[in-house]
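Trainee:
Protein chains: 2
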Amino acid sequence: MVVSYDGTAYCGFQIQPRDHTVQQELERAIYVLTGERVKVISSGRTDAGVHAKAQVINFLTECIIPIDRWCFAVNTRLPRDIVVHKASEAPLNFHSRHHAKRKTYRYTIQRSKIPDVFYRHTRFHHPTRLDLSEMQNGLSHLVGEHDFSAFCSARTPVGSHVRTIYEATMEFIAEPSSGDGQAGVIHIYITGNGFLYNMVRIIVGTLLQIGQGKRSGVEMNQILLSGDRNKAGPTAMAHGLTLWEVSY
Amino acid sequence: MVVSYDGTAYCGFQIQPRDHTVQQELERAIYVLTGERVKVISSGRTDAGVHAKAQVINFLTECIIPIDRWCFAVNTRLPRDIVVHKASEAPLNFHSRHHAKRKTYRYTIQRSKIPDVFYRHTRFHHPTRLDLSEMQNGLSHLVGEHDFSAFCSARTPVGSHVRTIYEATMEFIAEPSSGDGQAGVIHIYITGNGFLYNMVRIIVGTLLQIGQGKRSGVEMNQILLSGDRNKAGPTAMAHGLTLWEVSY
Numbered sequence: 001m002v003v004s005y006d007g008t009a010y011c012g013f014q015i016q017p018r019d020h021t022v023q024q025e026l027e028r029a030i031y032v033l034t035g036e037r038v039k040v041i042s043s044g045r046t047d048a049g050v051h052a053k054a055q056v057i058n059f060l061t062e063c064i065i066p067i068d069r070w071c072f073a074v075n076t077r078l079p080r081d082i083v084v085h086k087a088s089e090a091p092l093n094f095h096s097r098h099h100a101k102r103k104t105y106r107y108t109i110q111r112s113k114i115p116d117v118f119y120r121h122t123r124f125h126h127p128t129r130l131d132l133s134e135m136q137n138g139l140s141h142l143v144g145e146h147d148f149s150a151f152c153s154a155r156t157p158v159g160s161h162v163r164t165i166y167e168a169t170m171e172f173i174a175e176p177s178s179g180d181g182q183a184g185v186i187h188i189y190i191t192g193n194g195f196l197y198n199m200v201r202i203i204v205g206t207l208l209q210i211g212q213g214k215r216s217g218v219e220m221n222q223i224l225l226s227g228d229r230n231k232a233g234p235t236a237m238a239h240g241l242t243l244w245e246v247s248y
Numbered sequence: 001m002v003v004s005y006d007g008t009a010y011c012g013f014q015i016q017p018r019d020h021t022v023q024q025e026l027e028r029a030i031y032v033l034t035g036e037r038v039k040v041i042s043s044g045r046t047d048a049g050v051h052a053k054a055q056v057i058n059f060l061t062e063c064i065i066p067i068d069r070w071c072f073a074v075n076t077r078l079p080r081d082i083v084v085h086k087a088s089e090a091p092l093n094f095h096s097r098h099h100a101k102r103k104t105y106r107y108t109i110q111r112s113k114i115p116d117v118f119y120r121h122t123r124f125h126h127p128t129r130l131d132l133s134e135m136q137n138g139l140s141h142l143v144g145e146h147d148f149s150a151f152c153s154a155r156t157p158v159g160s161h162v163r164t165i166y167e168a169t170m171e172f173i174a175e176p177s178s179g180d181g182q183a184g185v186i187h188i189y190i191t192g193n194g195f196l197y198n199m200v201r202i203i204v205g206t207l208l209q210i211g212q213g214k215r216s217g218v219e220m221n222q223i224l225l226s227g228d229r230n231k232a233g234p235t236a237m238a239h240g241l242t243l244w245e246v247s248y
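Going down the list, the sequences are from chains W and F.
Under full-length UniProt numbering, residues 1 to 248 are what the first sequence spells out, in order.
Under full-length UniProt numbering, residues 1 to 248 are what the second sequence spells out, in order.
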């Protein structure tokens, strides 16, 4: 199933003993519908406060509800901040994480003096000026196959830190009423074959330092080569991040 | 001050004995800032669940905080779903309701099979087809000076029901991935010199019946002439409505 959720109220995707998670709500809704205790597998966990436009999940059921009825049937049993967009039957060996070929994340920054009340849960508010072309420069160094050790949290499990970034783009939509043309919304899209723990948020935290003039765009390359988490910027706030797309 | 708010968590703008309201939060924030118990006057109350992009309020204070500091000072004392965008000094006789010349409301409909989780509090979800050109036709009959008795709640205080609608427009933004071009977002903007209780929501409720093919667009004119609330459609859900702009 392809699922979107507003992560604001959740302690992330994956079930944890005492916390309210998206996985828990999905498994509960499927249980109410089918009477079966299934285990939902996702294309990857998302952190507390992180959203998904199109998370992909799979599970095994013996339920005989026709596939074209699933979407509606599950949605009526889910809270309003989780919505199933699509349901389809998959081969028995399908695994939404292992078989994912490309994933895209979007990080959104509200660049304006005053925050926008309607996007307080989905955009990171940045009140001061940002040098967009220098950020764009920084972003360009990420494309390709690299060891992303400098951009992963210490909590990342041991294993290869080599990932391939296929695309890293930035879009700026200016606020029509903005005086200096500096106010607006910045969307950063990063597509890769996989992501390490906190990788997108550390990249964005570093890009924000570049935008603020604390670092230059080319430093992104030096940080990458260093492989040192301490050289990169802070982990950007979770609520600006959305799992945008997963391809198989 | 020009104020925007997400009305989801509030029982409307105006203070009521036992309910949580936007006015209460504004007066509390101003009290915390100044120590003064002011009475906030708005350009008009909004109902429970209705939002504002640019509500205008006024109040009387003896506080000596410079006017360019007010915005930031009040915002740090407000909950995150209410944000002050602008503060300015006004003549002593200024009254944000009495002196309002034009008000614009926007009503937003999410026209798609599956609701959009990120706009569940700000768009009315309509899963089935709507005839947009017939709705457009219906909307056009509202422009001008009319007695809007057919489009006001029985709870409207006694008095003239004549109002002037200056503009009534509809905008459709198609969903790029929509197969039949029918999915997307519909914004309805209505600008007038004033609005009766529930007027915009009853207009939209009637427009939805027109869009669904239950009535034709020209019936809007007949309903208007009848002056009979029972001839019009139901009151549309509050959460799609936003007080968009107030001019003086």
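Where is the CB? At the ideal position from N, CA and C, for every residue including glycine.
Among W:F151, W:G240 and W:Q209, which one has its Cα closest to the Cα of N198 (chain W)?
Mentor: W:F151
Trainee: Runs of 3 residues minimum, wholly inside the region 81-123 of chain W: which ones carry the beta strand (DSSP E) assignment?
Mentor: 82-86 and 102-111
Trainee: Determine the chain W residues that contact R80 (chain F) at a beta-carbon separation under 7 Å, and present them in chain order.
Mentor: R120
Trainee: S4 (chain W) lies in the beta strand (DSSP E); which residues open and close that run?
Mentor: First-last of the beta strand (DSSP E) with S4 (chain W): V2 to Y5.
Trainee: Closest to R106 (chain W) by C-alpha separation, out of W:I210, W:V3, W:Q209 and W:G192, would be which residue?
Mentor: W:G192
Trainee: Going by Cα to Cα distance, which pick from F:R77, F:C71 and F:E36 is closest to E62 (chain F)?
Mentor: Per the Cα distances, F:E36.
Trainee: Count the other CB atoms, across all protein chains shown, that sit within 10 Å of the CB of T242 (chain F); report buried if there are 16 or more and exposed otherwise.
Mentor: Classification of T242 (chain F): buried, given that the 10 Å Cβ count is 16 or more.
Trainee: On the criterion of 16 or more Cβ atoms from any shown chain inside 10 Å, does E245 (chain W) qualify as buried, or is it exposed?
Mentor: buried
Trainee: Suppose the cutoff is 8 Å on Cβ atoms and the five residues either side in sequence are ignored; what does the same chain contact list for E89 (chain W) look like?
Mentor: The beta carbon of E89 (chain W) sits closer than 8 Å to those of I67, all from its chain and outside the five residues before and after it, given in chain order.
Trainee: Helix or strand or just coil, what does DSSP make of Q136 (chain F)?
Mentor: helix
Trainee: Whole angstroms is fine: what's the gap from A87 (chain W)'s alpha carbon to W70 (chain W)'s?
Mentor: 6 Å
Trainee: Compare the C-alpha of D47 (chain W) against each of W:Y248, W:A238 and W:S247 and name the closest.
Mentor: Comparing Cα positions, the closest option is W:A238.
Trainee: May I have a chain-ordered list of the alpha helix (DSSP H) segments no shorter than 4 residues that lie completely inside the UniProt domain "Pseudouridine synthase I TruA alpha/beta" (141-248) of chain W?
Mentor: 199-211 and 219-226
Trainee: Output, in chain order, the set of chain W residues within a Cβ distance shorter than 7 Å of V83 (chain F).
Mentor: I114, P115 and V117
Trainee: Let me confirm a value: F13 (chain W) is counted as buried when at least 16 other C-beta atoms fall within 10 Å, else exposed. Which label applies?
Mentor: That one is buried.
Trainee: Answer yes or no: do residue 256 (chain F) and R97 (chain F) have a C-beta to C-beta separation smaller than 8 Å?
Mentor: Past the edges of chain F, shown from 1 to 248, lies residue 256 (chain F), and the structure says nothing about it.
Trainee: Which whole-angstrom value describes the C-beta separation of V32 (chain F) and Y5 (chain F), a residue pair presumed to lie in contact below a C-beta threshold of 8 Å?
Mentor: V32 (chain F) to Y5 (chain F), Cβ: 18 Å. No contact.
Trainee: Answer with yes or no whether the minimum CB distance from S177 (chain W) to chain F is below 8 Å.
Mentor: no
Trainee: So if I threshold CB-CB distances at 8 Å, which residues from the region 3-15 of chain W count as touching chain F?
Mentor: S4, Y5 and D6
Trainee: Name the DSSP beta bridge partners of H126 (chain W), please?
Mentor: W:R111
Trainee: How would you call D81 (chain F), buried or exposed, if buried means at least 16 neighbouring beta carbons within 10 angstroms?
Mentor: Burial state of D81 (chain F) is buried, judged by a 10 Å Cβ sphere holding 16 or more other Cβ atoms.
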